[in-house]
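A.B. asks: Pasting a structure here, questions to come.
There are 2 protein chains.
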Amino acid sequence: MTAAPPLSPTPRSTVRRAPARARTDRAELYAVLDAGLIGHLGVVLAGAPVVLPTGYGRSGDTLYLHGSTGAATLRAAAAGAPVSFTVTLVDGVVYARSTFHHSMNYRCAVVHGSARLLTDPAERLLGLEALTEHLAPGSWTATRRPDRKELAATAVLTLDLAEASVKVRSGPPGEDERDLLAAGSPDPVWAGVLPLRTVAGEPEPCPLLPAGTAVPERVRARAARWAGGTP
Amino acid sequence: MTAAPPLSPTPRSTVRRAPARARTDRAELYAVLDAGLIGHLGVVLAGAPVVLPTGYGRSGDTLYLHGSTGAATLRAAAAGAPVSFTVTLVDGVVYARSTFHHSMNYRCAVVHGSARLLTDPAERLLGLEALTEHLAPGSWTATRRPDRKELAATAVLTLDLAEASVKVRSGPPGEDERDLLAAGSPDPVWAGVLPLRTVAGEPEPCPLLPAGTAVPERVRARAARWAGGTP
Chain A
1 MTAAPPLSPT PRSTVRRAPA RARTDRAELY AVLDAGLIGH LGVVLAGAPV
51 VLPTGYGRSG DTLYLHGSTG AATLRAAAAG APVSFTVTLV DGVVYARSTF
101 HHSMNYRCAV VHGSARLLTD PAERLLGLEA LTEHLAPGSW TATRRPDRKE
151 LAATAVLTLD LAEASVKVRS GPPGEDERDL LAAGSPDPVW AGVLPLRTVA
201 GEPEPCPLLP AGTAVPERVR ARAARWAGGT P
Chain B
1001 MTAAPPLSPT PRSTVRRAPA RARTDRAELY AVLDAGLIGH LGVVLAGAPV
1051 VLPTGYGRSG DTLYLHGSTG AATLRAAAAG APVSFTVTLV DGVVYARSTF
1101 HHSMNYRCAV VHGSARLLTD PAERLLGLEA LTEHLAPGSW TATRRPDRKE
1151 LAATAVLTLD LAEASVKVRS GPPGEDERDL LAAGSPDPVW AGVLPLRTVA
1201 GEPEPCPLLP AGTAVPERVR ARAARWAGGT P
């Protein structure tokens, strides 16, 4: 499916809990990152972890992050502190016949490493384009690009996808044999999956737009990317 | 609306970026935590942050976490290491007239502190009940409770909601005056919000269930809790 090298686990990117859920194909890492909208960035500040949500973009094996040059977490990451960046998609609630086997179906990518602060103007623009296009495809071309002052206020970082793990749970509940036997009773405990998905609603125009301004194709297409969303 | 004390910001729970988005009512913290399904737990392992998704439960100002007694992140948290626990709900993609003002609508709660490993059997059961009922309301009563062996394999932790912050963005894009003026052109750049929400699909019964087993009310009600979900 892909010519990219498989995910090579290091000690910290090795899935230890429920290892059967680990995925080693790099294409699966890309798939989770491309399907997600936000990730959770963890950095260590004054000895304690801080976890904050943030958008991102991807190009090949490079993940782009950005934010205000004044943000403490981003400043720590830009200074080379180790980071963890995690993207999780919840696909369903797993109902089992025992409370113990209740679970969730999900796809999760965890990236470990140190980020690099971009200083080259062209590289920075590539990063901002990747970030914009991940969030709102087509907006990089359709809207006013950042000017000098906006660029100066924005830190753009890269994180290499060298050290990453992917974990996926799907399908029906796992059960204990004894609970399955008990399920032969006339009134069995229901078990199965309640699937969840993200959908887009009708676009809500900015009140300052002239009445009747058409919703552009890029916004319609973005909505359609979510299964079941308004096409 | 609530008799609980407001969120008292400490240096690390003070919202510094876009402070207008900070919320100080404790009821808003509860609302975000109760609306979320998973959070991202950050701990420091060997000097580096590790961020992993996990379920949770809440009772008053106590957050419950659980997992395998063998999980390294949970073991570190149980040993009293500082943690960060973040719950984020993405409510929409915000399209602006400039790339710089593109954003997301979201609700986010960040909790800082040190977790405590529960050892009292009754407290542990209360925690597991809160966790189960957060994920799958009704399942604590309807399904087989954890037995001695399952309990021994499960670590249950509490995290106090003493130090927490809540940040919310909603509404239309913020814009620069100049972009609004330019929007007076005959072909204005579309701006607005593409709302996103999580919906539940049709419950998928476990293949091992007898054909025709009815989907119980607790599962139907869970689905209905997501706006637009199958009632």
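These protein sequence lines are chains A and B, in that order. Sequential numbering from 1 applies to the first sequence in the working numbering. Sequential numbering from 1001 applies to the second sequence in the working numbering. The beta carbon of each residue, even a glycine, is placed where N, CA and C say it ideally should be. Remember, it's a predicted structure, so these values are computed and weren't measured experimentally.
(1) In three-state terms, what does DSSP make of B/S1185?
(2) Is the CB-CB distance between A/A72 and A/V44 below 9 Å?
(3) Could you tell me which of A/T86, A/H66, A/E150, A/D147 sits nearest to A/R116, measuring between CA atoms?
(4) Scan the stretch 1104 to 1128 of chain B for residues whose Cβ lies nearer than 8 Å to a Cβ of chain A and list them as they occur along the chain.
(5) Taking a Cβ distance cut-off of 8 Å, strictly less, list which residues of the stretch 47 to 77 of chain A are near chain B, in chain order.
(6) Could you tell me how far apart the beta carbons of B/L1194 and A/R222 are, in whole angstroms, since I believe they sit closer than 8 Å?
(7) Here's the rule I'm using: 16 or more other beta-carbon atoms within 10 Å means buried, otherwise exposed. How should B/D1120 be labelled?
(8) Rounded to the nearest angstrom, what separates B/G1127 and B/T1062 at their Cα positions?
(9) List, in chain order, every chain B residue whose beta-carbon is nearer than 8 Å to that of A/T232.
(10) Tell me, to the nearest whole angstrom, how far the beta carbon of B/H1112 is from that of B/S1084; I am working on the premise that it is less than 8 Å.
(11) Does the distance from the C-beta atom of A/V50 to that of B/R1012 stay below 9 Å?
(12) Identify which residue in B/G1174, B/T1141, B/A1136, B/E1163 has its Cα closest to the Cα of B/W1226.
(13) Going by DSSP, which residues form a beta bridge with A/V193?
(14) Assuming contact is defined by CB atoms lying nearer than 9 Å, are A/R23 and A/V168 in contact in what I supplied?
(15) Among A/E217, A/A96, A/E123, which has the Cα closest to the Cα of A/T141?
(16) Can you grab the Cα-Cα spacing for the pair A/H40 / B/L1037, in whole Å?
(17) A/E217 by DSSP, collapsed to three states: which one?
(18) Can you check which of these residues, A/A164, A/G174, A/T154, is closest to A/G192 by C-alpha distance?
C.D. replies: Short version:
(1) Looking up residue 1185 of chain B in the second sequence gives position 185. Here B/S1185 sits in coil by DSSP.
(2) Locating residue 72 of chain A in the first sequence gives position 72, counting from the first residue. Locating residue 44 of chain A in the first sequence gives position 44, counting from the first residue. It is not a contact, given that the beta carbons lie outside the stated cut-off.
(3) For the purposes of this step, residue 116 of chain A is identified with residue 116 of the first sequence, where counting begins at 1. The candidate whose alpha carbon is nearest that of A/R116 is A/H66.
(4) Those residues of the stretch 1104 to 1128 of chain B that come within reach of chain A (Cβ to Cβ, closer than 8 Å) are M1104, Y1106, C1108, V1110, H1112, L1128.
(5) Here the close residues are G47, A48, P49, V50, V51, L52, P53, G55, G67, S68, G70, A71, A72.
(6) Your numbering for residue 1194 of chain B matches position 194 in the second sequence. Your numbering for residue 222 of chain A matches position 222 in the first sequence. Rounded, the Cβ-Cβ distance is 6 Å, consistent with contact.
(7) The residue labelled residue 1120 of chain B in the question sits at position 120 within the second sequence. With fewer than 16 other Cβ atoms within 10 Å, it is exposed.
(8) What you label residue 1127 of chain B is simply residue 127 of the second sequence in a count that begins at 1. What you label residue 1062 of chain B is simply residue 62 of the second sequence in a count that begins at 1. For B/G1127 and B/T1062, the distance between alpha carbons rounds to 9 Å.
(9) No answer is possible for residue 232 of chain A: the residues shown for chain A start at 1 and end at 231.
(10) Position 112 of the second sequence, counted from the first residue, corresponds to residue 1112 of chain B. Position 84 of the second sequence, counted from the first residue, corresponds to residue 1084 of chain B. Rounded, the Cβ-Cβ distance is 6 Å, consistent with contact.
(11) Counting from one through the first sequence, the residue named residue 50 of chain A turns up at place 50. Counting from one through the second sequence, the residue named residue 1012 of chain B turns up at place 12. Taking 9 Å as the cut-off, the Cβ atoms of A/V50 and B/R1012 count as close.
(12) Your numbering for residue 1226 of chain B matches position 226 in the second sequence. Of the listed residues, the one whose Cα sits closest to B/W1226 is B/A1136.
(13) Within the first sequence, numbered from 1, the residue matching residue 193 of chain A stands at position 193. Looking at the DSSP assignment, A/V193 forms a beta bridge with A/V94, B/E1204.
(14) Counting from one through the first sequence, the residue named residue 23 of chain A turns up at place 23. Counting from one through the first sequence, the residue named residue 168 of chain A turns up at place 168. At the C-beta level, A/R23 and A/V168 come within 9 Å of one another.
(15) Taking the first residue of the first sequence as position 1, residue 141 of chain A is located at position 141. Of the candidates A/E217, A/A96, A/E123, the one whose C-alpha sits nearest the C-alpha of A/T141 is A/E217.
(16) Residue mapping note: residue 40 of chain A aligns to position 40 of the first sequence, counting from 1. Residue mapping note: residue 1037 of chain B aligns to position 37 of the second sequence, counting from 1. Taking the straight line joining both Cα atoms gives about 15 Å.
(17) Numbered from its first residue, the first sequence carries residue 217 of chain A at position 217. A/E217 carries a helical assignment under DSSP once its states are collapsed to helix, strand and coil.
(18) As a position in the first sequence, residue 192 of chain A is number 192, starting the count at 1. Of A/A164, A/G174, A/T154, the residue nearest in Cα terms is A/G174.
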